[in-house]
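Quick notes on the structure that follows.
Residue numbers (the working numbering): 6 to 115.
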């Protein structure tokens with residue numbers, strides 16, 4: 006199990022996006038709110054070398070902010086780093102029959 010930490014501020018829209026992305030993958034994370042805690046903010050800067058929020062760490066290694074997280078997710082690298090298996094629900098597989106060879110039928114077949 007990977008340990009995910011996210012340093013965030015409560016007013017930050019990118020922090021909310023990062024947390025939503027992690028939640029959409031059913032990933033648990035520890036949130037460190039640095040809105041009013043200067044000591045924790047200093048800790049974040051020392052660990053990541055960055056002053057911006059969010060700052061996200063996986064198993065103690067910095068992966069950057071929201072843009073970095075989104076790029077890792079889009080490339081599939083996030084799933085590989087976190088050893089996530091693709092969830093395939095066979096109950097959602099359907100057979101489709103397209104009747105007709107006109108423009109609508111051909112378009113639907115694509």
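Glycine included, every Cβ here is placed at the ideal spot set by N, Cα and C.
Source: prediction; values computed, not measured.
- Distance from the Cα of residue 36 is smallest, within the candidate group 85, 58, 72, 103, for 58.
- The Cβ neighbour count for residue 105, taken over all protein chains shown within 10 Å, is under 16; the residue is labelled exposed.
- Here residue 34 has 9, 11, 27 as same chain residues with Cβ atoms under 6 Å from its own Cβ, once five neighbours each way along the sequence are excluded.
- Looking at the DSSP output, residue 61 bridges to 11, 69.
- Per DSSP, the unbroken alpha helix (DSSP H) holding residue 51 starts and ends at 43-53.
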